[in-house]
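Protein chains in written order, with the numbering used here: chain A, 11 to 381; chain B, 972 to 1336.
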């Protein structure tokens, strides 16, 4: 029996979410079992997870703050993924982006208004990230170097470079025991969104994700990128510039991670120092895979991971659970996401059926002429 | 046969039965104290030293402690401080990592002027919010004593030091350790390896191995978790001196002694101030004499001579008449570090911008 066409269309829209939803349910069940085995109060803990992540306006703000850098670093994975590249070196782009943004204010004349300084800082951060991850793309396309390995190694180089420069030539002599660059003047610091205690990084993170989604889904260049991701040869056959598209996808991703670094410096830390290396780049990988490389879904998944981190805080304080509990939760989530990906083949089959059902009530002129 | 459904039902019933009521009811007059760690509480190092002080104040009457570990020096720590204040009602917050201070503690202390903040590291200066107490200890006294014991015990006259970053606090420890050893035998040298960051277990193990390969027979360190260094030294059959907390349990054969924090002293003082409603000091410091730092008990290997020498100097430190950094001291590039006739007592701020390694240290800043 075929479902009704209207229902079929709704089901079709929901189909891509099925693995993620099942993964969430699976995670929750496994995590509850884990707590049960440990003799912990399961319902309390699960309640606290929701309370800590989304239970109050304070919880929401905490979640949003933790999520905003993840949106940008996840784009550093999701954009190269459109051309079929697996890039995991966002941490390096973030570090260098933050550092380059941090040295902009000292190069500007004193008293430069933030309206000029802040965009310049953002540009510097994005440029640094774009060059770094762009180099990964170039190595892949022109030298045949595996991008996953090289992006990780490039991240190590970036972090070493960051530490060398921040603790050496760029160090503020007054920062004795916590080597940092010169502080960003307070007038150039980025404040909070109106009415919220969440900085503007969230706004730009969401905007970047939406922008990336529109670009990937609705622009010809974005379409071309997805074709490259589908098949390199097909793309070359139709004469599209595969190498340039891959380079652009990597550079855009790197720019997003660099921008995340800039916000960490200009909205949170006030200078570039080792505190910047908090693993946002690596957490972004998890977010991007959870979002199945869909830029729009990244927003939701970043909120989910941000929420888990926010609730981990409450779990520790209320139940005296070790921080590793949060790690177990994140690990279960990741494992579940990957495991339910195995449904992919079946979902593709369902999609074909549903598409057929959805089209059932539409008169196809071509068939009529043939009849 | 139990079906999946009945199992889940049973499991949730069991969960309901074991569910404890929320512990959010506060007795009147209770002081809630929040403690935040940058790493794991059981790291045999920096965080464990703080956590053991938290465990002590937990037992004080009318004190409730909420703790959170592995909190990075990002917006996360600001949110944790806020959550402890808003959700748990904390009126005193210990932010124990050095990197929490600027901008995180500064920001929160401005936002919550009625909450007391305690930060470890001694960074408070004039103009910072008055509700911050900055506590720290002169642990270089213990590193000096480590050096004295190591100097007596070493056969190769080569000591090894695994250090995180060449910042003043770390340099001060390396220099104290070396000066202590050289007080036994001026020919003793210390080989330093900087790993580049506070927690780099793999590099710390590599550094320890490389120091042992170079002939060092006593190893000590200044990293967040000395566990790896002490364990590796034990495995290689050399001696070690601990740091932050006692690592004696990790190296029953080679552990000589160690430089430990005794944070219970400032913790208890700050909690007492909070309970009495007394203003807290902005800068709180002390060494062996004030009970801010202590030595690990001597290991089985330590000879009576070494014990005697270290105990004599310790007595002199406790009496307050021992100066570690007393000129003339040469740096390891041949220049003068401290001029003859100059002596820097522990409270001397010039020690806090130390930027040299003393003669006899093989290493580069």
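We put the beta carbon where it would ideally sit given N, CA and C, even for glycine.
> Thinking just about the alpha-carbon of each residue, which of A:37, A:16 and A:22 is nearest to the one in residue 346 (chain A)?
Replying inline: For the purposes of this step, residue 346 (chain A) is taken as residue 336 along the first chain, with counting starting at 1. Here the closest residue by C-alpha is A:37.
>> What would DSSP say about residue 1302 (chain B), mapped onto helix, strand or coil?
In response: As a working note, residue 1302 (chain B) is residue 331 in the second chain. In the structure shown, residue 1302 (chain B) sits in a strand (DSSP, three-state: E or B).
>> Residues of chain B with CB closer than 7 Å to the CB of residue 278 (chain A), please, in chain order.
In response: Position 268 of the first chain, counted from the start, is the residue given in the question as residue 278 (chain A). For residue 278 (chain A), the C-beta contacts it makes with chain B under 7 Å involve 1045 and 1046, in order along the chain.
>> For residue 149 (chain A) and residue 176 (chain A), I'd like the C-alpha separation in whole angstroms.
In response: Within the first chain, numbered from 1, the residue matching residue 149 (chain A) stands at position 139. Within the first chain, numbered from 1, the residue matching residue 176 (chain A) stands at position 166. Taking the straight line joining both Cα atoms gives about 27 Å.
>> Starting from residue 1159 (chain B), trace the alpha helix (DSSP H) in both directions and tell me its first and last residue.
In response: Looking up residue 1159 (chain B) in the second chain gives position 188. For residue 1159 (chain B), no alpha helix (DSSP H) encloses it, and the DSSP letter there is neither H nor E.
>> Relative to the C-alpha of residue 422 (chain A), which candidate in A:263, A:190 and A:126 has its C-alpha closest?
In response: Outside the shown range of chain A (11 to 381) lies residue 422 (chain A), about which nothing can therefore be said.
>> Between which two residues does the beta strand (DSSP E) holding residue 24 (chain A) run?
In response: On the first chain, residue 24 (chain A) is found 14 positions in, with the first residue counted as 1. No beta strand (DSSP E) contains residue 24 (chain A), which is instead part of the alpha helix (DSSP H) from 15-24.
> Given residue 44 (chain A), which residues of its chain have a CB within under 8 Å of its CB, disregarding the five upstream and five downstream residues?
Replying inline: Translated into the one-based positions of the first chain, residue 44 (chain A) becomes position 34. Correct list, in chain order: 338 and 342.
> Enumerated in chain order, which unbroken segments of the alpha helix (DSSP H) with a length of 4 residues or greater are wholly contained in the stretch 1190-1275 of chain B?
Replying inline: Here the runs fully enclosed are 1198-1206 and 1235-1247.
> Do we get a CB-CB distance below 9 Å when we pair residue 1062 (chain B) with the residues of chain A?
Replying inline: Position 91 of the second chain, counted from the first residue, corresponds to residue 1062 (chain B). Contact with chain A is absent for residue 1062 (chain B), since none of that chain's Cβ atoms lies less than 9 Å from the residue's Cβ.
> Looking at C-alpha atoms only, which residue of B:1024, B:1101 and B:1064 is the closest neighbour of residue 1090 (chain B)?
Replying inline: Taking the second chain and counting its residues from 1, one reaches residue 1090 (chain B) at position 119. The option with the nearest alpha carbon to residue 1090 (chain B) is B:1064.
> For the alpha helix (DSSP H) that contains residue 1126 (chain B), what are its first and last residues?
Replying inline: Here residue 1126 (chain B) refers to the residue found at position 155 of the second chain. Element bounds for residue 1126 (chain B): n/a, residue is neither H nor E.
> Using a Cβ-Cβ cut-off of 6 Å (strictly less than) and excluding sequence neighbours within five positions of residue 999 (chain B), which residues of its own chain qualify?
Replying inline: Against the second chain, residue 999 (chain B) aligns to sequence position 28. With a pLDDT of only 45 at residue 999 (chain B), under 50, the local geometry of the prediction cannot be trusted, and the value read off the model is given with reservation. Around residue 999 (chain B): no qualifying Cβ.
> How would you list, in chain order, the residues of chain A whose beta-carbon sits under 9 Å from the beta-carbon of residue 1023 (chain B)?
Replying inline: Within the second chain, residue 1023 (chain B) is the residue found at index 52, counting from 1. Result: empty, since nearest Cβ-Cβ is about 16 Å, beyond 9 Å.
> In chain B, which residues lie with their C-beta within 8 Å of the C-beta of residue 68 (chain A)?
Replying inline: Taking the first residue of the first chain as 1, we reach residue 68 (chain A) at position 58. What residue 68 (chain A) touches in chain B: 1053, 1054, 1057 and 1058.
>> Going by DSSP, what residue range makes up the alpha helix (DSSP H) through residue 1007 (chain B)?
In response: Numbered from 1 along the second chain, position 36 holds the residue referred to as residue 1007 (chain B). Bounds of any alpha helix (DSSP H) do not take in residue 1007 (chain B); it lies within the beta strand (DSSP E) bounded by 1002-1007.
> Rounded to a whole number of angstroms, what is the C-alpha to C-alpha distance between residue 1303 (chain B) and residue 1139 (chain B)?
Replying inline: Here residue 1303 (chain B) refers to the residue found at position 332 when the second chain is read from its first residue. Here residue 1139 (chain B) refers to the residue found at position 168 when the second chain is read from its first residue. Looking at the two C-alpha atoms, the distance is approximately 16 Å.
> Whole-angstrom Cβ separation of residue 1166 (chain B) and residue 1129 (chain B), contact assumed at under 8 Å?
Replying inline: As a working note, residue 1166 (chain B) is residue 195 in the second chain. As a working note, residue 1129 (chain B) is residue 158 in the second chain. With 8 Å as the limit, residue 1166 (chain B) and residue 1129 (chain B) do not qualify as a contact, their Cβ atoms being about 19 Å apart.
> Among all the DSSP beta bridges, which residues are the ones paired with residue 1089 (chain B)?
Replying inline: One-based indexing of the second chain puts residue 1089 (chain B) at position 118. B:1065 and B:1104, per the DSSP bridge assignment.
> Comparing the C-beta of residue 1001 (chain B) with each C-beta of chain A, is any distance below 9 Å?
Replying inline: What you label residue 1001 (chain B) is simply residue 30 of the second chain in a count that begins at 1. No - not a single Cβ of chain A is within 9 Å of the one on residue 1001 (chain B).
>> Per DSSP, what are the beta-bridge partners of residue 191 (chain A) in this structure?
In response: As a working note, residue 191 (chain A) is residue 181 in the first chain. Beta-bridge pairing links residue 191 (chain A) to A:181.
>> Against residue 1140 (chain B), what residues of chain A qualify as contacts under a CB-to-CB distance less than 8 Å, listed in chain order?
In response: Locating residue 1140 (chain B) in the second chain gives position 169, where the first residue counts as 1. Listed along the chain, the chain A residues whose CB falls inside 8 Å of the CB of residue 1140 (chain B) are 187.
>> So residue 1293 (chain B) contacts chain A; which residues on that side make the cut at Cβ distance below 7 Å?
In response: Sequence index remark: in the second chain, residue 1293 (chain B) carries index 322 (1-based). Taking the beta carbon of residue 1293 (chain B) as reference, no residue of chain A falls within 7 Å; the closest one sits roughly 24 Å away.
> Which term fits residue 213 (chain A), buried or exposed, when burial requires 16 or more other beta carbons within 10 angstroms of its beta carbon?
Replying inline: Translated into the one-based positions of the first chain, residue 213 (chain A) becomes position 203. Burial call: exposed.
> In three-state terms, what does DSSP make of residue 30 (chain A)?
Replying inline: In the first chain, residue 30 (chain A) corresponds to position 20, counting from 1. Reduced to three states, the DSSP call for residue 30 (chain A) is helix.
> Should residue 1127 (chain B) be flagged as near chain A, meaning a C-beta pair shorter than 9 Å?
Replying inline: Residue mapping note: residue 1127 (chain B) aligns to position 156 of the second chain, counting from 1. Not an interface residue.
>> I want to verify the contact list: residues of chain A whose CB lies under 8 Å from the CB of residue 1136 (chain B), in sequence order.
In response: For this step, residue 1136 (chain B) is matched to residue 165 along the second chain. Those within 8 Å of residue 1136 (chain B) in chain A are 177 and 189.
> Sorted by chain position, which residues of the same chain lie with C-beta nearer than 7 Å to residue 1316 (chain B)'s C-beta, five sequence neighbours on each side aside?
Replying inline: On the second chain, residue 1316 (chain B) is found 345 positions in, with the first residue counted as 1. Same-chain partners within the cutoff: 1294.
>> Quick check on this structure: which residue in B:1028, B:1014, B:1012 and B:1016 has the alpha carbon closest to the alpha carbon of residue 1246 (chain B)?
In response: As a working note, residue 1246 (chain B) is residue 275 in the second chain. Among B:1028, B:1014, B:1012 and B:1016, the Cα nearest to that of residue 1246 (chain B) belongs to B:1028.
> What are the start and end residues of the beta strand (DSSP E) that includes residue 1308 (chain B)?
Replying inline: Looking up residue 1308 (chain B) in the second chain gives position 337. Its beta strand (DSSP E) spans residues 1307-1309.
>> Less than 9 Å between CB atoms is the rule here; does residue 1050 (chain B) satisfy it with respect to chain A?
In response: For the purposes of this step, residue 1050 (chain B) is taken as the residue at position 79 of the second chain. Chain A, which has a Cβ nearer than 9 Å to the Cβ of residue 1050 (chain B), makes this yes.
>> Below 8 Å on the Cβ atoms is my contact criterion, and I expect residue 1339 (chain B) with residue 1105 (chain B) to pass it. Report the Cβ-Cβ distance as a whole number of Å.
In response: One cannot answer for residue 1339 (chain B) here, as it falls past the ends of chain B, which runs 972 to 1336.
> Should residue 60 (chain A) be labelled buried (16 or more other beta-carbon atoms within 10 Å of its own) or exposed?
Replying inline: Counting from one through the first chain, the residue named residue 60 (chain A) turns up at place 50. With fewer than 16 other Cβ atoms within 10 Å, it is exposed.
> Cα-Cα, which of A:199, A:17, A:89 and A:54 is closest to residue 220 (chain A)?
Replying inline: Taking the first chain and counting its residues from 1, the one referred to as residue 220 (chain A) is at position 210. Nearest C-alpha to residue 220 (chain A): A:89.
> Under 9 Å between C-beta atoms, does residue 1011 (chain B) make it to chain A?
Replying inline: In the second chain, the residue the question calls residue 1011 (chain B) occupies position 40. For residue 1011 (chain B), the closest Cβ of chain A is nearer than 9 Å.
> In chain order, what residues of the same chain lie with their CB nearer than 7 Å to the CB of residue 76 (chain A), ignoring the 5 residues before and after it?
Replying inline: Your numbering for residue 76 (chain A) matches position 66 in the first chain. Within the same chain, residue 76 (chain A) has close Cβ partners 316, 319 and 320.
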